[in-house]
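Novice:
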Amino acid sequence: MKPPRTPHKQFDASGKRIPIRTCVVCRVRLPQSSVLRLGRDTAGLLQPDPARRLVGRGVYLCSSAVCHTPKALMRLSRADAPRLATLLEIHFKPS
Ligand SMILES: [Zn+2]
Numbered sequence: 099m100k101p102p103r104t105p106h107k108q109f110d111a112s113g114k115r116i117p118i119r120t121c122v123v124c125r126v127r128l129p130q131s132s133v134l135r136l137g138r139d140t141a142g143l144l145q146p147d148p149a150r151r152l153v154g155r156g157v158y159l160c161s162s163a164v165c166h167t168p169k170a171l172m173r174l175s176r177a178d179a180p181r182l183a184t185l186l187e188i189h190f191k192p193s
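Heads up, the sequence shown is in the working numbering, so the first residue is 99 and it goes up one at a time.
1) Short check: CB of I260 to CB of D110, under 7 angstroms?
2) Any chance the CB of S162 is under 6 angstroms from a heavy atom of ligand 1?
3) Under 7 angstroms, do L152 and L144 count as touching if we go by C-beta distance?
4) So what does DSSP say about C160, is it helix, strand or coil?
5) Which residues in the same chain have their Cβ closer than 6 angstroms to the Cβ of V122, if we skip the five residues on either side of it in sequence?
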């Protein structure tokens, strides 16, 4: 078996492992610290989960605005896309 083209694990200068997450929209791989986690709340709705408190398997989004449009989010969940786009707009709005 050939190794994957992009290693899923990366290491920083001190040899510490950096968790890598893949943006569900554009598939770009980024350190976990620079992606936003989305999880499902108790009602089953996808929510931004920056504190990573929601249980279950989360999905991750990069900070690129093109990944926050309703159309892009359709790839993730048709039902959640419009509401999620609004939440992401609020979340990433420069304060
Ligand atoms: Zn992305």
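Glycine included, every Cβ here is placed at the ideal spot set by N, Cα and C.
Specialist: Taking the geometry as given:
1) This structure gives no information on residue 260, because the portion of the chain shown stretches from 99 to 193.
2) As a working mapping, residue 162 is identified with position 64 in the sequence shown. Flag set: Cβ of S162 near ligand 1.
3) As a working note, residue 152 is residue 54 in the sequence shown. As a working note, residue 144 is residue 46 in the sequence shown. Going by C-beta atoms, L152 is not nearer than 7 angstroms to L144.
4) Taking the sequence shown and counting its residues from 1, one reaches residue 160 at position 62. In the structure shown, C160 falls within a coil segment according to DSSP collapsed to helix, strand and coil.
5) Along the sequence shown, read from residue 1 onward, the residue named residue 122 stands at position 24. These residues qualify, in order along the chain: V157, L174.
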